[in-house]
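*Asks:*
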């Protein structure tokens, strides 16, 4: 065992998180997720196995959460009726499948497995199904991500927990963009600043070019990994901008993340970016902030106009530019399938489908095989049962109505977190090779489910909803007149009280004889805000 420099740093941050206010644990954990190519502790005797910073810090993160809420609070997020319950089911299916399926179905099919006991741990070779080291490592990751989900749910129940989470993710997006700028600025020079944070022993693809452009890797081992990490951050910041949450900061960060994706020259970035734009424009953000519809419309008009003007300019003044752009995208997208990497990944996907069929839908066990799409990884590793449980977890997290009892700023962060989850799933479906989705996905999932109405709350609220006859003057009292964005766009969520005083003044100005108002339900049962996608 070798303790690296990052190990000492993470240990120091962990000790600090146990003695400082709870929000510092959130900041430190999110910061650690940026350095997934760094090693804190290395095990040369185990084929170069390394513990990355976020996994080591999770020990301190869990201890801090236990100190805050204890066991009952940790288990609350995964209780029956909550979205996290289905994550527990996924964890159980994955752990049991990794333990028994490779042994029970040994030799019945061939898999592309990466075994650290093999000659080349970084190479995938097709071998008969059998227990491998990936079964243990992926099972540990799944359990760790469940712990991360529960711990983050505890922190989000604290006062201003959602606001601190939003600040942490915005800081992460800013640091990620800065890393991309440093990567581009130091290219071609003797400076190699970012190599100090890439010590985990992965195969590095720094300094590679495509069509004369430098492939951005940032703090990661390759351009695809950078794109995988950046797209969810773009989704989170772009939706906060649409909702009017600190629009100057979130707008700049979403632009920076979007430009970094475009300049990364990664096929994963381009396919994922285009796919997510459809999700962005189909979202129902106006249910959180009515002004977001106008912002979205303006954004669509601006992007369309810029695209049309760019085409007209190229055709009129720079005809050769069209050929250059055409060749560039041909190399990044169309020629990808014919490359060695494309052929290899296609073989992974075809074999994953065969694994699913050969095991009659049971799967080969998590960590037994890999593919080039998260959907195929899930089907081939977890089978029908595990895939169904994971689908229910995602559906409950993303589609459950958001309670209106919480401050608008918190609801905005919750909605943006749901979009961040979708961003991770989109990019993972393009190029994800293992079941592990990373820490950011489960942080977003905890925030996405934290304000969701549970099944019991929805059942109790349904019979108590009544139609309320009010004059036109009452239209702005129940939900507030459409405001420019949400409370918290320039600070925390404390602006809700001002809206309450304004509503009181408006109510005083309305004659009491104009309408008969029936008793309204309690605030936590008053209404619900559906999330993406279009839902009546």
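Numbering (my numbering), first residue to last: 973 to 1508. Idealized CB from N, CA, C, for every residue including glycine. Note that the structure is predicted; figures quoted are calculated from it, not measured.
1) Starting from the C-beta of residue 977, find all residues in its chain whose C-beta is less than 7 Å away, skip the five residues before and the five after it, and write them out in chain order.
2) Would you list the residues sitting across from residue 974 in a DSSP beta bridge?
3) DSSP three-state call for residue 1291: helix, strand or coil?
4) Quick check on the DSSP output: the alpha helix (DSSP H) that includes residue 1242 runs from which residue to which?
5) Could you have a look at residue 1344 and say whether DSSP puts it in helix, strand or coil?
6) With distances taken between CB atoms, is the gap from residue 1114 to residue 1087 smaller than 7 Å?
7) Let me check understanding here. Comparing Cα to Cα, which of 1403, 1398, 1366 lies closest to residue 1060?
8) For residue 1025 and residue 1377, what's the separation of their Cα atoms in angstroms?
9) Taking its Cβ as the centre, do 16 or more other Cβ atoms sit within 10 Å of residue 1023, making it buried, or is it exposed?
10) Would you report the Cα separation of residue 1107 and residue 1339, rounded to the nearest angstrom?
11) Ignore the nearest five residues each way along the sequence and tell me which others in residue 990's own chain have a CB closer than 7 Å to its CB.
12) Below 8 Å on the Cβ atoms is my guess for residue 1390 versus residue 1370; work out the distance and round it to an integer in Å.
13) Per DSSP, which one or two residues make a beta bridge with residue 1181?
14) Suppose the cutoff is 6 Å on Cβ atoms and the five residues either side in sequence are ignored; what does the same chain contact list for residue 1368 look like?
15) Relative to the C-alpha of residue 1191, which residue among 1058, 1214, 1144, 1424 is closest?
16) With distances taken between CB atoms, is the gap from residue 1333 to residue 1069 smaller than 7 Å?
17) Compare the Cα-Cα distances from residue 1188 to each of 1240, 1118, 1222 and report the closest residue.
18) Which runs of the alpha helix (DSSP H) spanning at least 4 residues fall entirely within the stretch 1033-1068, listed in chain order?
19) May I ask you to report which of helix, strand or coil DSSP gives residue 1373?
20) Specify whether the stretch 1207-1219 and the stretch 1389-1403 touch according to this definition: at least 3 beta carbon pairs, one from each stretch, less than 8 Å apart.
21) Rounded to whole angstroms, what's the CA-CA distance from residue 1221 to residue 1358? Just pull it up for me.
22) Taking 7 Å as the cut-off, decide whether the C-beta atoms of residue 1407 and residue 1315 are in contact.
23) Tell me which same chain residues have a C-beta within less than 6 Å of the C-beta of residue 1413, skipping the five on either side of it?
24) With DSSP as the reference, identify every bridge partner of residue 1098, one or two as the case may be.
25) What does the Cβ neighbour count give for residue 1169, buried or exposed, with the cut at 16 atoms within 10 Å?
*Replies:* Let's see:
1) One-based indexing of the chain shown puts residue 977 at position 5. Closer than 7 Å at Cβ, skipping near neighbours: no residue.
2) By one-based count along the chain shown, residue 974 stands at place 2. Beta-bridge pairing links residue 974 to 1014.
3) Counted from its first residue, the chain shown places residue 1291 at position 319. Helix.
4) Looking up residue 1242 in the chain shown gives position 270. Taken as a continuous stretch (DSSP letters only), the alpha helix (DSSP H) holding residue 1242 covers 1239-1254.
5) On the chain shown, residue 1344 is found 372 positions in, with the first residue counted as 1. Coil at residue 1344, not helix or strand.
6) Residue 1114 sits at position 142 when you count from the first residue of the chain shown. Residue 1087 sits at position 115 when you count from the first residue of the chain shown. No, Cβ-Cβ distance for residue 1114 and residue 1087 is not below 7 Å.
7) The residue labelled residue 1060 in the question sits at position 88 within the chain shown. For the residues 1403, 1398, 1366, the minimum Cα distance to residue 1060 belongs to 1366.
8) In the chain shown, the residue the question calls residue 1025 occupies position 53. In the chain shown, the residue the question calls residue 1377 occupies position 405. Their Cα atoms are separated by approximately 37 Å.
9) For this step, residue 1023 is matched to residue 51 along the chain shown. By the neighbour-count rule (16 or more Cβ atoms within 10 Å), residue 1023 is buried.
10) Mapped onto the chain shown, residue 1107 falls at position 135. Mapped onto the chain shown, residue 1339 falls at position 367. Approximately 4 Å between the Cα atoms of the pair.
11) On the chain shown, position 18 is the one that residue 990 refers to. Once the five neighbours on either side are set aside, the close Cβ partners of residue 990 are 1032, 1035, 1036.
12) By one-based count along the chain shown, residue 1390 stands at place 418. By one-based count along the chain shown, residue 1370 stands at place 398. That belief holds up - the Cβ atoms of residue 1390 and residue 1370 are roughly 5 Å apart, short of 8 Å.
13) What you label residue 1181 is simply residue 209 of the chain shown in a count that begins at 1. Paired residue(s): 1186.
14) Here residue 1368 refers to the residue found at position 396 when the chain shown is read from its first residue. Excluding sequence neighbours, residue 1368 sits near 1055.
15) The residue given as residue 1191 occupies position 219 in the chain shown. Looking at the Cα atoms, 1144 is the closest of the given residues.
16) The sequence position of residue 1333 within the chain shown is 361, counting from 1. The sequence position of residue 1069 within the chain shown is 97, counting from 1. Contact flag unset, no.
17) To locate residue 1188, count along the chain shown from 1; it is residue 216. It is 1240 whose Cα lies nearest to the Cα of residue 1188.
18) Taking only runs of at least 4 residues, no alpha helix (DSSP H) segment lies wholly in the stretch 1033-1068.
19) To locate residue 1373, count along the chain shown from 1; it is residue 401. Residue state, collapsed to three classes: coil.
20) yes
21) If you number the chain shown from 1, residue 1221 lands on position 249. If you number the chain shown from 1, residue 1358 lands on position 386. Distance between the alpha carbons of residue 1221 and residue 1358: 39 Å.
22) Your numbering for residue 1407 matches position 435 in the chain shown. Your numbering for residue 1315 matches position 343 in the chain shown. No, they are not a contact pair.
23) Position 441 of the chain shown, counted from the start, is the residue given in the question as residue 1413. Here the set comprises 1396.
24) By 1-based counting over the chain shown, the position of residue 1098 is 126. For residue 1098, which the question treats as bridged, DSSP gives the partners 1084.
25) By 1-based counting over the chain shown, the position of residue 1169 is 197. Its Cβ being crowded by 16 or more others within 10 Å, residue 1169 is buried.
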